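Okay, so here's the structure we're looking at.
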Amino acid sequence: MIRYTLTRLGLLVLGLAVASVLIFVSLRVLPGDVAQLIAGAEASPEQVVALRTSLGLDAPLWTQYLDWIGGLVHGDLGTSLITGTSVAAELTDKARVTVPLAAMSLTVALLIGIPLGVLSALGRRRAAGTVLSVGAQALAAVPVVWAGMMLVVVFAVWLGWLPPQGFPRSGWNDPGAAARALVLPALTIGVVEGAMLLRFVRSATLQALGQDYVRTAAAKGLTRTRALLSHGLPNVGLSVITVLGLQIAGIIVGAVVIEQLFTLPGVGRMLVTDVASRDLPKVQGELLALTGFVLLVGFFVDLAHRLLDPRQREAS
Amino acid sequence: MTTLRRLWGLGTGRFGILIVALVVITALVSLVWTPFDPGAVDARARWSDPSWPHVLGTDNSGRDIASLLMAGARTAVVVAVGAGVVASVLGIALAALGSLTARWIREGVAVLVDILIAFPVLIIAMMISAVWGGSLAVVIWSVGIGFGVNVARVTRPELRRVLHSDFVLAGRASGLSTGQNLTRHLLPNVAPVFIVQLSWGMAVAVLAEAGLSYLGFGAPVTQPSWGVLLSDLQAYIAVHPLTVVWPGLAITLTVLGLNLLGDALREAADPTLAERTPAARIPVPGVIA
């Protein structure tokens with residue numbers, strides 16, 4: 001286990017290094033003259049030179065890269081060109097919206113995906129199982145933005161139960177209003193991700209149903225459902241953990257789009273705004289933070305899978 | 317031929333083929349004919365309800381929604397094909413590098429692919445559009461790169477499996493050159509896995525076009541596109557909620573068609589494939605937009 005953890009940790013560090021180089025190369029090196037790009041076409045040559053010096057862009061590329069990495073080690077993700085605020089501070093501030101949104105979305109996805117996935121596998125020869133499976137197949141094809149719009153039409157425009165968009169100015173000081181503002185966005189991401197999870201749980205359950213140990217348990221007198229619940233489900237759970245990392249990555253990506261649709265002041269909306277205004281130093285920090293998060297989730301998911309699966313635990 | 321016939325025999329395969337054909341034909345027809353000029357503004361016909369001659373109604377500037385949808389199919393096809401080409405070239409190149417070269421390159425490529433797979437398409441798209449601004453090319457490149465890595469990850473083990481199989485060895489022993497062995501034995505055996513991935517990748521491309529165009533990093537607002545139409549109509553969702561249904565349905569049907577086509581191809585091309593590459597479509601959700 002320790003050996004596996006160290007190898008996996010090595011892969012994580014390598015992944016972070018590759019990510020940082022890719023982001024650095026595509027945002028600093030490929031654009032050619034970053035100072036000119038930021039200053040805009042109308043800027044005078046003197047302004048461009050001044051900007052280049054103030055951003056440290058006149059230093060050799062590898063010093064720029066090392067400076068950036070050195071800052072990262074101290075928790076400094078860089079500063080915004082436009083507002084001059086620290087990226088790390090702004091990220092933690094915006095995370096107050098995005099993290100609860102992601103947690104709520106994941107809860108919805110798990111609540112939909114796992115029970116309905118098992119049900120649709122158990123009832124695959126009955127109408128309910130077919131309906132669930134076809135419904136999940138169709139939902140997995142729905143663009144997240146459109147799912148959000150449809151939910152707004154039903155729950156905000158027609159029924160008037162929930163706000164169509166926005167987040168209370170007072171933030172979490174008014175927990176009721178803040179939570180209400182996140183219900184529709186979380187439902188949107190949760191339903192679409194839940195449909196994907198449902199399909200996965202369904203195929204994992206079908207696989208478990210075909211296993212010898214489930215058949216043996218059934219032969220010893222358990223009903224097929226009981227046999228699956230007590231012997232098959234732990235294995236289904238293990239395979240769910242393997243896709244959990246991808247689900248979380250999907251939720252983060254979904255949040256970028258959905259925060260825009262619901263005008264929520266979260267990390268995703270900030271990233272979209274910064275990319276549109278070409279605040280390159282800030283985008284650089286934000287992208288690395290996001291990919292770092294996705295890589296970190298993958299790392300923990302792999303470790304958890306290893307820890308929970310007795311076969312793998314013994315193998316290592 | 318038998319594969320195609322088996323594909324048509326599957327309910328999902330038939331549905332997938334019909335939907336994809338419908339989208340492609342609509343895109344081609346829209347080049348020469350649409351009921352109205354998709355860009356034509358008509359102040360007197362603003363927000364007409366679905367009726368003759370505006371079958372699906374009009375938007376806030378009186379543009380015919382049915383014509384906009386038809387022209388939008390063009391953008392979807394361009395993006396899907398473009399991303400497919402990029403993903404194929406990149407995927408095959410990485411898979412070949414990861415299985416046909418010296419050991420240290422092979423292993424290095426495998427680790428690199430494992431790392432790159434964690435990059436969601438949206439992040440790649442943000443990286444590109446932060447520098448070059450938004451355009452359809454951003455969608456094509458980001459989905460192409462993101463899915464190319466995915467293609468490589470699934471194709472590489474297949475390629476290695478076939479490479480070590482007896483019939484390739486027999487081919488070599490009976491005097492086939494590397495090129496002949498490649499075209500006669502390697503490609504036909506790897507093609508099914510690859511085509512299935514491609515079909516799913518194109519579905520992701522259509523979804524990503526919608527998402528990225530909605531965010532303003534995809535198609536320019538002047539170009540007819542389902543994603544742009546969605547974001548145009550969103551502003552009036554409280555007053556004219558039903559108009560946003562149409563572009564969303566168009567996207568969903570196209571994506572569903574491509575997904576089902578991929579599923580059916582997997583079943584039709586090689587019955588053992590489903591066992592070797594289980595649940596291959598599920599591990600991609602990190603890429604949706």
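The listed protein sequences derive, respectively, from chains A and B. Mapping the first sequence onto our numbering, position 81 (from 1) lands on 81, and the numbers just tick up by one. Going from the second sequence to our numbering is simple: count from 1 and add 316. Using N, Cα and C, we set each Cβ at its ideal position, and we do this for glycine too. All of these numbers come straight from a predicted model, not from anything done at the bench.
CB-CB length for residue i against residue j, believed under 8 Å
i, j, result
"residue 40 (chain A)", "residue 108 (chain A)", "At roughly 43 Å, the Cβ-Cβ gap does not stay under 8 Å, so residue 40 (chain A) and residue 108 (chain A) are not in contact."
"residue 571 (chain B)", "residue 141 (chain A)", "4 Å"
"residue 248 (chain A)", "residue 183 (chain A)", "Their Cβ separation, rounded to whole angstroms, is 20 Å, which puts residue 248 (chain A) and residue 183 (chain A) out of contact at 8 Å."
"residue 523 (chain B)", "residue 384 (chain B)", "Incorrect: roughly 19 Å between the Cβ atoms, too far for contact."
"residue 188 (chain A)", "residue 151 (chain A)", "6 Å"
"residue 438 (chain B)", "residue 267 (chain A)", "Rounded, the Cβ-Cβ distance is 13 Å, inconsistent with contact."
"residue 338 (chain B)", "residue 583 (chain B)", "Contact flag wrong, Cβ pair sits at about 22 Å."
"residue 500 (chain B)", "residue 491 (chain B)", "Not quite, the Cβ-Cβ distance comes to about 12 Å (not below 8 Å), so this is no contact."
"residue 295 (chain A)", "residue 507 (chain B)", "Their Cβ separation, rounded to whole angstroms, is 33 Å, which puts residue 295 (chain A) and residue 507 (chain B) out of contact at 8 Å."
"residue 282 (chain A)", "residue 26 (chain A)", "Residue 282 (chain A) to residue 26 (chain A), Cβ: 15 Å. No contact."
"residue 264 (chain A)", "residue 185 (chain A)", "6 Å"
"residue 393 (chain B)", "residue 459 (chain B)", "Contact doesn't hold; Cβ gap of about 14 Å is too wide."
"residue 271 (chain A)", "residue 257 (chain A)", "So it is not a contact: roughly 11 Å between Cβ atoms."
"residue 191 (chain A)", "residue 261 (chain A)", "Not a contact, Cβ separation roughly 14 Å."
Simplified DSSP state of residue i, which is helix, strand or coil
i, result
"residue 481 (chain B)", "coil"
"residue 133 (chain A)", "helix"
"residue 430 (chain B)", "helix"
"residue 86 (chain A)", "strand"
"residue 594 (chain B)", "With a pLDDT of 47 at residue 594 (chain B), under the threshold of 50, the modelled position of that residue is not reliable, and the figure given next carries that caveat. Looking at residue 594 (chain B) - three-state DSSP - the assignment turns out to be coil, as it is neither helix nor strand."
"residue 212 (chain A)", "helix"
"residue 309 (chain A)", "coil"
"residue 13 (chain A)", "helix"
"residue 599 (chain B)", "Residue confidence is low: residue 599 (chain B) scores 40 on pLDDT, short of 50, so the model does not pin down where it sits. Its coordinate-derived value is still stated next. Reduced to three states, the DSSP call for residue 599 (chain B) is coil."
"residue 19 (chain A)", "helix"
C-beta neighbour in chain B for residue i, strict 8 Å
i, result
"residue 80 (chain A)", "no"
"residue 149 (chain A)", "yes"
"residue 68 (chain A)", "no"
"residue 316 (chain A)", "Unreliable placement is indicated for residue 316 (chain A), whose pLDDT of 49 sits below 50; no coordinate value is reported for it."
"residue 161 (chain A)", "no"
"residue 15 (chain A)", "yes"
"residue 168 (chain A)", "no"
"residue 146 (chain A)", "yes"
"residue 108 (chain A)", "no"
"residue 157 (chain A)", "yes"
"residue 18 (chain A)", "yes"
"residue 153 (chain A)", "yes"
"residue 164 (chain A)", "yes"
Residue i: CB within 7 Å of a non-hydrogen atom of the ligand FAD
i, result
"residue 330 (chain B)", "Of the ligands one can find in the structure shown there are none, so the ligand FAD has no counterpart to examine."
Contact with chain A by residue i, beta-carbon distance below 8 Å
i, result
"residue 458 (chain B)", "no"
"residue 436 (chain B)", "yes"
"residue 431 (chain B)", "yes"
"residue 393 (chain B)", "no"
"residue 382 (chain B)", "no"
"residue 442 (chain B)", "yes"
"residue 421 (chain B)", "no"
"residue 461 (chain B)", "no"
"residue 577 (chain B)", "no"
"residue 546 (chain B)", "yes"
"residue 439 (chain B)", "yes"
Within-8 Å CB hit, residue i to chain E
i, result
"residue 446 (chain B)", "Absence of chain E from the displayed structure is noted, the protein chains being A and B."
### Query
At what residue ranges does the segment 21-81 of chain A contain a whole run of the alpha helix (DSSP H), taking only runs of 4 or more?
34-39, 45-55 and 61-73
### Residues from the segment 111-144 of chain A in contact with chain B, defined by Cβ distance under 8 Å
137, 138, 140, 141, 142, 143 and 144
### Task
Check each residue of the segment 265-296 of chain A: if its Cβ is closer than 7 Å to any Cβ of chain B, include it; give the result in chain order.
271, 272, 275, 276, 278, 280, 283, 287, 290, 291, 294 and 295
### Sequence ranges, alpha helix (DSSP H) only - wholly within the segment 338-377 of chain B, length at least 4
Look at the segment 338-377 of chain B and you find no whole run of alpha helix (DSSP H) that is 4 residues long or longer.
### Message
Output needed in chain order: residues of the segment 244-266 of chain A with a Cβ under 8 Å from some Cβ in chain B.
### Response
The segment 244-266 of chain A vs chain B, Cβ under 8 Å: 246, 247, 249, 250, 252, 253, 254, 256, 257, 260 and 261.
### Task
Check each residue of the segment 549-575 of chain B: if its Cβ is closer than 7 Å to any Cβ of chain A, include it; give the result in chain order.
550, 553, 554, 557, 560, 564, 567, 568, 571, 572 and 575
### Task
Name, going along the chain, the residues of the segment 319-345 of chain B whose beta-carbon falls closer than 7 Å to a beta-carbon of chain A.
none
### Query
Can you give, in chain order, each stretch of the beta strand (DSSP E) that sits fully within the segment 230-283 of chain A and has at least 3 residues?
none
### Query
Can you list, in chain order, the stretches of the beta strand (DSSP E) that have 3 or more residues and sit fully within the segment 154-220 of chain A?
none
#### Entry: Proximal residues, the segment 522-540 of chain B versus chain A, C-beta separation under 8 Å
523, 526, 527, 530, 531, 532 and 533
### Query
At a Cβ cut of 7 Å, what residues of the segment 395-409 of chain B count as close to chain A, listed as they run along the chain?
Nothing from the segment 395-409 of chain B brings a Cβ to less than 7 Å from some Cβ of chain A.
### Query
Between the segment 23-54 of chain A and chain B, which residues of the former have CB atoms less than 7 Å from a CB of the latter, in chain order?
23, 26, 27, 30 and 31
### Query
For the segment 168-188 of chain A, which residues have a CB atom closer than 7 Å to at least one CB atom of chain B, in sequence order?
Residues: none.
### Message
What are the residues in the segment 297-310 of chain A lying within 8 Å of chain B by C-beta distance?
### Response
298
### Start-end ranges of the alpha helix (DSSP H) lying completely within the segment 520-592 of chain B, minimum 4 residues
For the segment 520-592 of chain B, the full-length alpha helix (DSSP H) segments reaching 4 residues or more read 542-550, 561-585 and 589-592 along the chain.
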